[in-house]
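Here's the structure, in structure tokens; my notes come after.
There are 2 protein chains.
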Amino acid sequence: MIVGDGTPLRRSLKRGSHGHRSLPDCGSRVASREWELGAVHTKARRRGSMQCLTGNTMGEKRIQPRTLKGFRDYLPSTMLAREQLIDTARAVYRSYGFAPIDTPALEYSEILLGKGGEESDKQLFRFRDQGDRDVAMRFDLTVPLARFVAMYANDLGVPFKRYHIGTVWRAEKPQRGRFREFVQCDFDTIGTTSNTADIETLLVIHDLMDRIGFERFEIRVNNRMILNGLLEQLGLRDRSTAVLRALDKLPKAGPEAVRTEMQLAGLSHEDTNAVLEFARRGGEPDDVLRRLRRELQTDSAQEGIERLAELFRVAQAAGVREDRLRLDLSIARGLDYYTGTIYETFLLDLPQIGSVCSGGRYDQLAELFTRQQLPGVGASLGLDRLLAAMEELGMLDSRSTPCTVFVPLFDPQHTAEYLAMARRLRSRGLAVDVYPDPKPLGKQLKYADRKGFLVAVIAGEDEFARGVWQVKDLVRGTQNEVPDADLADAVIATLGAHPQ
Amino acid sequence: MIVGDGTPLRRSLKRGSHGHRSLPDCGSRVASREWELGAVHTKARRRGSMQCLTGNTMGEKRIQPRTLKGFRDYLPSTMLAREQLIDTARAVYRSYGFAPIDTPALEYSEILLGKGGEESDKQLFRFRDQGDRDVAMRFDLTVPLARFVAMYANDLGVPFKRYHIGTVWRAEKPQRGRFREFVQCDFDTIGTTSNTADIETLLVIHDLMDRIGFERFEIRVNNRMILNGLLEQLGLRDRSTAVLRALDKLPKAGPEAVRTEMQLAGLSHEDTNAVLEFARRGGEPDDVLRRLRRELQTDSAQEGIERLAELFRVAQAAGVREDRLRLDLSIARGLDYYTGTIYETFLLDLPQIGSVCSGGRYDQLAELFTRQQLPGVGASLGLDRLLAAMEELGMLDSRSTPCTVFVPLFDPQHTAEYLAMARRLRSRGLAVDVYPDPKPLGKQLKYADRKGFLVAVIAGEDEFARGVWQVKDLVRGTQNEVPDADLADAVIATLGAHPQ
Numbered sequence: 077m078i079v080g081d082g083t084p085l086r087r088s089l090k091r092g093s094h095g096h097r098s099l100p101d102c103g104s105r106v107a108s109r110e111w112e113l114g115a116v117h118t119k120a121r122r123r124g125s126m127q128c129l130t131g132n133t134m135g136e137k138r139i140q141p142r143t144l145k146g147f148r149d150y151l152p153s154t155m156l157a158r159e160q161l162i163d164t165a166r167a168v169y170r171s172y173g174f175a176p177i178d179t180p181a182l183e184y185s186e187i188l189l190g191k192g193g194e195e196s197d198k199q200l201f202r203f204r205d206q207g208d209r210d211v212a213m214r215f216d217l218t219v220p221l222a223r224f225v226a227m228y229a230n231d232l233g234v235p236f237k238r239y240h241i242g243t244v245w246r247a248e249k250p251q252r253g254r255f256r257e258f259v260q261c262d263f264d265t266i267g268t269t270s271n272t273a274d275i276e277t278l279l280v281i282h283d284l285m286d287r288i289g290f291e292r293f294e295i296r297v298n299n300r301m302i303l304n305g306l307l308e309q310l311g312l313r314d315r316s317t318a319v320l321r322a323l324d325k326l327p328k329a330g331p332e333a334v335r336t337e338m339q340l341a342g343l344s345h346e347d348t349n350a351v352l353e354f355a356r357r358g359g360e361p362d363d364v365l366r367r368l369r370r371e372l373q374t375d376s377a378q379e380g381i382e383r384l385a386e387l388f389r390v391a392q393a394a395g396v397r398e399d400r401l402r403l404d405l406s407i408a409r410g411l412d413y414y415t416g417t418i419y420e421t422f423l424l425d426l427p428q429i430g431s432v433c434s435g436g437r438y439d440q441l442a443e444l445f446t447r448q449q450l451p452g453v454g455a456s457l458g459l460d461r462l463l464a465a466m467e468e469l470g471m472l473d474s475r476s477t478p479c480t481v482f483v484p485l486f487d488p489q490h491t492a493e494y495l496a497m498a499r500r501l502r503s504r505g506l507a508v509d510v511y512p513d514p515k516p517l518g519k520q521l522k523y524a525d526r527k528g529f530l531v532a533v534i535a536g537e538d539e540f541a542r543g544v545w546q547v548k549d550l551v552r553g554t555q556n557e558v559p560d561a562d563l564a565d566a567v568i569a570t571l572g573a574h575p576q
Numbered sequence: 077m078i079v080g081d082g083t084p085l086r087r088s089l090k091r092g093s094h095g096h097r098s099l100p101d102c103g104s105r106v107a108s109r110e111w112e113l114g115a116v117h118t119k120a121r122r123r124g125s126m127q128c129l130t131g132n133t134m135g136e137k138r139i140q141p142r143t144l145k146g147f148r149d150y151l152p153s154t155m156l157a158r159e160q161l162i163d164t165a166r167a168v169y170r171s172y173g174f175a176p177i178d179t180p181a182l183e184y185s186e187i188l189l190g191k192g193g194e195e196s197d198k199q200l201f202r203f204r205d206q207g208d209r210d211v212a213m214r215f216d217l218t219v220p221l222a223r224f225v226a227m228y229a230n231d232l233g234v235p236f237k238r239y240h241i242g243t244v245w246r247a248e249k250p251q252r253g254r255f256r257e258f259v260q261c262d263f264d265t266i267g268t269t270s271n272t273a274d275i276e277t278l279l280v281i282h283d284l285m286d287r288i289g290f291e292r293f294e295i296r297v298n299n300r301m302i303l304n305g306l307l308e309q310l311g312l313r314d315r316s317t318a319v320l321r322a323l324d325k326l327p328k329a330g331p332e333a334v335r336t337e338m339q340l341a342g343l344s345h346e347d348t349n350a351v352l353e354f355a356r357r358g359g360e361p362d363d364v365l366r367r368l369r370r371e372l373q374t375d376s377a378q379e380g381i382e383r384l385a386e387l388f389r390v391a392q393a394a395g396v397r398e399d400r401l402r403l404d405l406s407i408a409r410g411l412d413y414y415t416g417t418i419y420e421t422f423l424l425d426l427p428q429i430g431s432v433c434s435g436g437r438y439d440q441l442a443e444l445f446t447r448q449q450l451p452g453v454g455a456s457l458g459l460d461r462l463l464a465a466m467e468e469l470g471m472l473d474s475r476s477t478p479c480t481v482f483v484p485l486f487d488p489q490h491t492a493e494y495l496a497m498a499r500r501l502r503s504r505g506l507a508v509d510v511y512p513d514p515k516p517l518g519k520q521l522k523y524a525d526r527k528g529f530l531v532a533v534i535a536g537e538d539e540f541a542r543g544v545w546q547v548k549d550l551v552r553g554t555q556n557e558v559p560d561a562d563l564a565d566a567v568i569a570t571l572g573a574h575p576q
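Sequence order for the protein chains is A and B.
As numbered in the working numbering, residues 77 to 576 make up the first sequence, in order.
As numbered in the working numbering, residues 77 to 576 make up the second sequence, in order.
Written out as structure tokens, the structure is:
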């Protein structure tokens, strides 16, 4: 394509003095359409416009619209479900006192990688910026949180409860359901070792799942202190990372694969059996914990046991149904990071997708950045995994409009009346879409049907003369005539009578 | 810092099989705190942990926590205001039938720059990714929208009404109030030339400002067809870009600067006077438009006049107050992009900050990517500018918690009762924060005061024995004792009695 007026990009990229809308260079390209439309838009002819036109109408190659590998667009129906899920998460986080923060998408690579990350890493979108700084796009929200609290700990005070819903980027090999750009939904309580915060974390996860609309789910908890107590007792303290990483694979890989991995890590047949037997223990939490109290001697293990015992007691008192909470000694979480209570959450109807909300307690969030001891506890909602699950379970509807009420532009002479009526309905809390073009009514209603509107409000000359509206229930196909003054009530009643 | 166990970054960067929480390499660093805490965490000793410890406790340099130049963190009080503003924008957009979409932060540079952008541009965060692709971070939401509609136009159908609230990046020189990362809040109606869509755009802007809480604002409208009609009549068609760009600076730079710029662009003294006289015209829209109808002969100018006339007529009928809408012939908008109605929005109490919501109609959104004619109209809310204005006008409160109700952990024996009570209040729609540590009550209340809680619910041994709670109004300093069964009602009544 030939650029029309040679406007330097720098200039067109500039945010205008009055707002943010700008299009680099496209201004000059777009200008060519004056000519295509001919008489309708007899606008100024500028140098180069003709070239632009020639380029396009003669079929010069346009730029192929496409997204990068591992990236994707969100169309309205997906995005509506996504926004609803995020809204629910925010509402629950907020109801427990977690406050939002945000951090930049770009950070110094040193911050994200630590000083060990001098060598370039393939999984990071990392580059040199205009100031020749070594920068990278954040790959999670935990490292930025560590930097954040190290910088503002004194201003924020403790406990500091924050949620952070933000996009992160990883240059991983894209796989089915795994993208290079995704949203994380974290919440954490920083600056306290109190078990109350651990219990509250559990309650947040519970209320999240409940509010999203899941009936059959199970939060599985464990405590790293207990696992470490076992390993200590078995004399396997120096293998703990390898053992916990192997154990973490139990639900997906199965016991035989885990057994093999543990033995490769140097565990004896007996030790492997002991760990797997331990991980398989089931039963009432009270019974399991009573047995652990006798078996594990370290102070740390005893502390872990008492913390879990209190968690089960208080959760029940606070109204968490017994069948939604389980003590699962096999839960290890892969990362060294965790030091206390750990959480995973499974959908009982789709256990194979893995945990949809996981987290745990850690002793030191920000050691990389500060001497200050910053323990905390938190978890992360697996947004994409949850959306996939909801789709599979039929929990998402396929509507692609946020509105329920559709107003066809039946008679363009009455645009003012349609738009005024729509604003009146909006003031009653309704979401109303007015069709902009006076196409045949059938076409307009087909559009409404495809988008998933629930009610149409229609009027033509006759209705305007009589001061009435037709309220058409698009789900049931029924229709009522109502006087203008009763319209909002009639629409609300029609919507209220719909199932769901 | 010395890295403990040499875990390759690739491995630790991997999303775990159970969720998204991970910390690259930090696992090994964090592990060192086992030793610092000594007996409390008698965990596995791993190779290298001791080195880590030595490094840290001996004062080896930590990484300085900092953000990149031109980037910033959002602390809770700012972020709460930001989320509220975004929620309002979303609610208004949705109530008019605009549906959300999202697009990737990273795109092929070719997409963002057009083919003219082969030469590197300093304002773009642009780099080669791991697959050696020439990629860049999006600098606005309009180019991605153009690509998006070019790709999905057939699936989406027209009219396509979307909003897009997303972060964009520009490597501009940072200035006061201008950052390299900011959020845009756009809405557009694509695929129709109907003036109804133009009028609706105006109504959306109006309702946005109204719902955000502004009382004194003015939406100024103009139409490019009218400006172009004037320039045509003056024989200045070939100067239109220069003239419109100069005119766009009128509110900020003043008439003398604009006059100078026009004359530099080659306009005669008479032409400059004619344009400036035209731009200065005020009065009732009806009168101004009537005069224009006589003066401007082109079909296009006549069409622009009629579209504005209908806009004023319908807006008034739809309930837009007369003083909030103004015909302003001086509004040009800097970009070639616009071809019809244009909008700017000023706060009458802070006119100097410029337009806080701007936009307009364009004839061809996606010519770079498709032969399909995609006209549209839309606008963009200047989120950061608006937040700055709200702060200046005292419209933001300084609370840093999303909760209203604070529950001190007065007696840790009763943790279960506090947490259960808090959940009961939440089920009544209240947001409740339970303090996790059993510190002295005074300290806990000081925390509540600093964060901006409005009510505290307190109980100790005596209250538990009698089945009552103390409800303390933290704003007024009053306190009431209420029976357990009446607690939620009492808290709601106390909050309801607060001003605002």
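Every residue, glycine too, gets a C-beta built ideally from N, C-alpha and C.
Here the structure is a predicted model, which is why all the values come from computation and not from measurement.
Per DSSP, LYS515 of chain B lies in no alpha helix (DSSP H) and is assigned neither H nor E. DSSP places MET213 of chain A within a strand segment (E or B) once states are collapsed to three. Between LEU307 of chain B and the set B:THR348, B:LYS325 and B:GLY289, the nearest pair of CA atoms involves B:THR348. In this structure, ASP274 of chain A sits away from VAL510 of chain A, with a CB-CB distance that is not shorter than 7 Å. Listed in chain order, the non-local C-beta contacts of MET466 of chain A below 6 Å within the same chain comprise LEU472, local neighbours out to five positions each way being set aside. Setting aside the 5 residues that flank it on each side, MET213 of chain A is surrounded in the same chain by ALA181, LEU182, PHE201 and TRP245, each with a C-beta closer than 7 Å to its C-beta; the list follows chain order.
Take the alpha-carbon of PHE422 of chain B and the one of HIS282 of chain B: they are about 11 Å apart. Residue pairing for HIS240 of chain A: DSSP places it in a beta bridge opposite A:ASP262. The beta carbon of VAL558 of chain A sits no closer than 7 Å to any beta carbon of chain B. The secondary-structure analysis by DSSP pairs GLY536 of chain B with nothing; it has no beta-bridge partner. Of the residues assessed, LYS249 of chain A falls on the exposed side of the cut-off, its CB having fewer than 16 other CB atoms within 10 angstroms. Ranked by Cα distance from TYR150 of chain A, the first of B:LEU310, B:PRO176 and B:ARG138 is B:PRO176. Taking CB atoms only, PHE293 of chain A has no neighbour in chain B less than 7 Å away. The beta-bridge partner set that DSSP reports for THR421 of chain A consists of A:ILE295. Among the residues of chain B, none has a CB under 8 Å from the CB of LEU450 of chain A; the nearest is roughly 10 Å distant. Taken in chain order, the whole alpha helix (DSSP H) runs of length 4 or more contained in the stretch 146 to 187 of chain A are 152 to 171. Residue burial annotation: THR480 of chain B is buried, with at least 16 other C-beta atoms found within 10 angstroms of its C-beta. Here VAL551 of chain A is not bridged, per DSSP, to any residue. Only exposed fits ASN230 of chain B, as fewer than 16 other CB atoms lie within 10 angstroms of its CB. Distance from ALA532 of chain B to LYS548 of chain B at the Cβ level is roughly 4 Å; contact confirmed, criterion being Cβ atoms closer than 8 Å. From the beta-carbon of ALA573 of chain B, no residue of chain A is found nearer than 9 Å; the closest lies around 22 Å away. Between the stretch 397 to 410 of chain A and the stretch 308 to 326 of chain A, the count of C-beta pairs closer than 8 Å reaches three or more; the two stretches touch. When the five nearest sequence neighbours on each side are left out, the beta carbons in the same chain lying within less than 7 Å of the beta carbon of MET301 of chain A are those of SER376, ALA377, GLU379, GLY380 and GLY416, in order along the chain.
In terms of beta-carbon proximity, PRO361 of chain A stays away from the interface with chain B, with every pair separated by 7 Å or more. Against chain A, a Cβ distance below 8 Å from ASP425 of chain B picks out nothing, because the smallest value is about 18 Å. Buried is the label assigned to ASP264 of chain A, since at least 16 other Cβ atoms lie within 10 Å of its Cβ. Cβ contact annotation for PRO220 of chain A (same chain, cutoff 7 Å, sequence separation greater than five): THR179, GLU183 and ARG214, in chain order.
Rounded to whole angstroms, the separation of the alpha carbons of GLN339 of chain A and ALA222 of chain B is 56 Å. Here ARG552 of chain B is exposed. Its C-beta has fewer than 16 other C-beta atoms within 10 Å. Distance check between LEU312 of chain B and each of B:ARG335, B:SER344, B:ARG292 and B:ILE295 places B:SER344 closest, using alpha-carbon atoms only. Taking a cut-off of 8 Å on C-beta distances, the stretch 140 to 148 of chain B does not touch the stretch 509 to 524 of chain B, as fewer than three cross pairs fall below it. For the beta strand (DSSP E) assignment, the uninterrupted runs of no fewer than 3 residues enclosed by the stretch 422 to 455 of chain B are, from N- to C-terminal side, 433 to 438. DSSP places VAL280 of chain A within a helical segment (H, G or I) once states are collapsed to three. Beta-bridge partners of GLU398 of chain A (DSSP): none assigned. As for any alpha helix (DSSP H) of minimum length 4 sitting wholly inside the stretch 329 to 411 of chain B, the runs are 331 to 340, 345 to 356, 361 to 371 and 375 to 393, ordered along the chain.
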